[in-house]
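Reading through the structure tokens given below for one structure.
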Amino acid sequence: MSTLQRLDVLPAAVALALMVALPLVEMALRPHMGRGVDNAAVLVQHLGLVVAMFGAIAAERLGHLTSLGGGLDRLGSATTQARVRMLAAAGSALLCGMLAHAGWQLVAAERGAGQLLAYGMPVWWVQACLPLGFVLLGLRLGARVGTLLPLRVAAATALPLAGWWMAALAGQTALPLAPAFAVLLMLLLAGAPVFAVLGGLALALFWSDGLPLASIALSHYQITVNPSLPALPLFTLAGLAFARTGAAQRLGDLFVVLFGGGPRGTVLAAALLCSAFTAFTGGSGVTILALGGLLLPLLRQSGTPEQRGIGMVTSASALGVLLAPSVPLIMYAVIARVPIATMFLAGLVPALVMVACLLLLGGYLRTGQRAAVQPVRPRADLAAVRAALWAAKWEVAAPFVAIGALVSGLATPTESAALTAAYALATQGLLHRELNWRGLGRCLAECAQVIGGVMLILGMALALTNFLVDAGIPELAVAWVQAAIPNKYVFLLALCAFLFVAAALMEIFAALAVLVPLLLPLALSYGIDPVHFGIIFLAAMEAGFLCPPAGMNIYFASAMFGKPIPYVARSVLPAMLAIFAGTLLIALWPALSTGLPRLLQ
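According to our numbering, the stretch in the sequence shown is residues 4 to 604, in order.
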């Protein structure tokens, strides 16, 4: 039975492998035959839908669907907590049934249109993953209601069916919003997945306005098959290939040798390495798990106290968001309709500014009052640098492959991402021989789970945002804020403060999908460049990794280093102040973000 359950990720893993292969075949055939795979770009985009839905199912099985956490499910006795979690699962299963019905309405409409994808394949065949995926999610969530098998089977069957039936009534009955909002808030606090609550909110708003619920499924479909979206899973796959092999050790050795083994050199090496590694892996939590065991002993050996070293690794792992090919950086480019290459260039200088703020304002470069543990190692000579650079040559070249193919115009964003993923897999598997077939399968499965959980949040958040945009909320916000804050620089200060609070309360991908469409028109009304606004937004979001309840770095570091959460939280307080100061500097000095793209383009 457990083997059958693990097969849920197989369609997503196969689709992800095809997303790597098809662009490479297209690039190889195009110069010689003038054409490659028929409709290759659209095929890859629709494979992303398969990855998203089946990856989300696997993520649910492993408990990786993002929830608010720290709410009602942490209160009371063990029995009370179990009942609260059952309530959250039951409500989520019901909502999945409603979303499945909305997806089926979209599929039924597409069947009538008869649009073809490629090679005679109808589009609705792939779109059918939407209702199927939500049905399977509903079954999984419903099975978490209770411990006895008969109750679990009954709940897994009845709850999605009840949701399907409720969605069928949407056009026939009115829905009171106040009770619906109260129930959704209770589910959120009880630990329901964020996607279910966002989807439920969109369902309630569309239902109350008499709009077709299929619009929600359409929003999820549109963002999943966005032309730039395949870059997300492909760059994430490349990062996981590096994270799950000896690449972290080789890069760590190189950075330490480059900057020396002294106190300042080791801290500087740790900060730059964590930032660069997060940019590639797509998750700062992965960086903590991959590099924490390597860097903390080095920091302590150089004389850094343990708590300061933990704070250093935990906070520096949040700073890769602004570096290419970071997943949030790509995500902002997609939502704001800004060229990905422009965002890659725009984030480089601000990323270095944030690292500098962390080291200087966070106090990590101070050499006084260091723990007397072991003698400081002497600075390495040129021969040691050459040896470390040669050992890490394939990893060092990865950013040039990723960014060079894209900026040079030789490859589209999707092709550049596929080339990077293939490069990472080939170098780690064939050259270093550290990634066997089982390891490859594990990377594909883990990547699908990460992307599946993220895409569910993005799809539901986009549906909610579309409703708010159609209701004219951004225009009302622009008029109100401009009347209250006429000065551009005061607005920038207020924006940074707001984003800092939002980062602590919202998961970064949900914040991107919900807040960017609402705040970007407001920023434009003050004459703020969309590229500059995006860098401000992402810089502020870096603080969210360090602040509960959304600060996942705190939880990862607590598990990695075996320390209580309050201990880790105290260790990153100086870093949070430094990140806020860096965000203000980036906000008030636009040339840090826009100067390099304008210079090179």
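All C-beta atoms, glycine included, are put in the ideal place defined by N, C-alpha and C.
Sub-9 Å separation of L541 and G242 beta-carbons: no
Please work out which residues of its chain come closer than 7 Å, Cβ to Cβ, to A414, disregarding the five sequence neighbours upstream and downstream, and give them in chain order. M30, A408, L422
Among E113, D212, Q485, P26, whose alpha-carbon lies nearest the alpha-carbon of A234? P26
Simplified DSSP assignment, three categories, for A121: strand
Do you know how far the Cα of L602 is from the Cα of V410? 14 Å
What does a CB cutoff of less than 8 Å around M563 pick up in its chain, not counting 5 residues either side in sequence? I291, L292, G295, G296
Integer Cβ distance of W168 from P134, believed to fall under 8 Å: Their Cβ separation, rounded to whole angstroms, is 14 Å, which puts W168 and P134 out of contact at 8 Å.
In three-state terms, what does DSSP make of P520? helix
Own chain residues within Cβ distance below 8 Å of D532, not counting five before or after: P593, S596, T597
Inter-residue Cα distance where the pair is L214 and S222: 13 Å
May I have the straight-line CA-CA distance separating S574 from R247, to the nearest angstrom? 27 Å
Look up I454 in the DSSP assignment and say whether it is helix, strand or coil. helix
Thinking M315 and A251 are a contact (beta carbons under 8 Å), I'd like their distance in whole angstroms, please. With a Cβ gap of about 16 Å, M315 and A251 do not count as contacting.
Proximal residues to W127 (C-beta, below 7 Å), its chain only, five neighbours per side dropped: V110, E113, R114
Q252, DSSP secondary structure in three states: helix
Using 10 angstroms around the beta-carbon of F403, count the other beta-carbons present and answer buried if the total reaches 16, otherwise exposed. exposed
Ends of the alpha helix (DSSP H) at R147? Here R147 belongs to no alpha helix (DSSP H), and DSSP marks it neither H nor E.
Could you check the C-alpha separation between C446 and L355 for me, to the nearest Å? 30 Å
Excluding the five sequence neighbours on either side, which residues of its own chain have a C-beta within less than 7 Å of the C-beta of F137, listed in chain order? C99, L102, A103, G106
So which of L322, P308, Y529, V484 has the shortest CA-CA distance to K491? Y529
DSSP three-state call for H223: helix, strand or coil? helix
Spatial distance of I557 from P567 (CA atoms): 9 Å
For the putative contact between G585 and C360, defined by C-beta atoms under 8 Å, what is the C-beta separation to the nearest angstrom? 4 Å
Express the C-alpha separation of L302 and A339 in angstroms, rounding to a whole number. 40 Å
Alpha carbon of L527 to alpha carbon of L467, nearest angstrom: 22 Å
I want to know whether the segment 449-458 touches the segment 50-69 - three or more CB-CB distances under 8 Å. yes
Every unbroken alpha helix (DSSP H) inside the segment 485-530 [4 residues or more]: 491-508, 511-528
Helix, strand or coil for W168? Go by DSSP, reduced to three states. helix
Could you check whether A516 and P236 sit closer than 9 Å to each other, using their CB atoms as the reference points? no
Leaving out five residues before and five after G366 in sequence, what residues of the same chain have Cβ atoms less than 6 Å from its Cβ? P577
Just to confirm before moving on: does the CB-CB distance between G149 and A158 stay below 9 Å? yes
So what's G537 in DSSP terms, helix, strand or just coil? helix
Contained alpha helix (DSSP H) runs [length at least 4] in the segment 309-373, N- to C-terminal order: 309-319, 330-339, 343-349, 351-364
State buried or exposed for R311, treating a residue as buried only when at least 16 other CB atoms are found within 10 Å of its CB. buried
For A391 and D256, which I take to be in contact (beta-carbon distance under 8 Å), what is that distance rounded to the nearest angstrom? 5 Å
Count Cβ pairs between the segment 87-97 and the segment 186-200 that sit closer than 8 Å; are there 3 or more? yes
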